[in-house]
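Each number in my numbering corresponds to the 1-based position in the sequence shown with 35 added.
Glycine is no exception: its CB is placed at the ideal position from the N, C-alpha and C atoms.
Nothing here was measured: the structure is a model prediction, and the numbers come from that model.
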Amino acid sequence: MTDQPDLHASNVVVDLREYRSSKDPLPVTFDRRELDAILWVYGRMVGEGAWRDYAIDHMRDRAVFSIFKRSGEMPLYRIEKDPKLAAKQGAYSVINQHGTILKRGHELKQVLKVFDKVLRLVET
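Below is the structure:
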């Protein structure tokens, strides 16, 4: 006998619901539209010299875009997508390096507007 698989044994019917429930869930990811919006803001801030590096993490429960001033440091900001919160406060949030949620909402572009606010020193 050979160790070759039997081609006729592959004609087995599998319940799709059972198959899906037995598989590990796919990680949460950013889609192309979401990445375009995030990278547009990131590119603008890199051009201003405020940011220099980023990392993207896709986990089972959330996707995280981390923004760094230097790659060896803690992230300055994290842009998170958590689908479990979509029906509540909104799936998207921007979190600073101290863990404070700066903005949360249902629309990513609205949440990213937190980076439009620039604090400036005013002399009187």
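Just to confirm my understanding: we take residue i, look at its own chain, exclude 5 residues before and 5 after, and list those with CB closer than 6 Å. What are they?
i, result
"E69", "L143"
"L120", "A126"
"P188", "No information on residue 188 is available, as it lies outside the stretch 36 to 159 that the chain covers here."
"S128", "E115, I136, R139"
Taking the alpha-carbon of residue i as reference, which of the options has the nearest alpha-carbon?
i, options, result
"R87", "F103, H141, D50, L74", "F103"
"G125", "D151, D66, K138", "K138"
"L147", "A122, D71, A90", "D71"
"H133", "H141, P110, D151, R105", "P110"
"V81", "I91, R105, I136", "R105"
"A90", "V149, I73, H141", "I73"
"D151", "K123, E83, H141, A122", "E83"
"A122", "I130, R52, H141", "H141"
Which one or two residues does DSSP pair with residue i in a beta bridge?
i, result
"R113", "S101, I130"
Report all residues from its chain with a CB closer than 7 Å to the CB of residue i; omit the five preceding and five following residues, and keep chain order.
i, result
"L154", "Confidence is the limiting factor: at L154 the pLDDT is only 48, short of 50, which leaves the residue's position unreliable, though a coordinate-based value still follows. Around L154: no qualifying Cβ."
"H93", "P62, V63, T64"
Who are the near neighbours of residue i in its chain, counting only those whose CB is closer than 8 Å to its CB and skipping five residues on each side?
i, result
"G107", "none"
Exercise. Report yes or no: do the region 115-124 and the region 79-99 share at least 3 C-beta pairs separated by less than 8 Å?
Key: yes
Self-check item: Contiguous alpha helix (DSSP H) assignments of at least 4 residues, all confined to the region 69-104
Solution: Considered as a whole, the region 69-104 harbours no complete run of any alpha helix (DSSP H) with no fewer than 4 residues.
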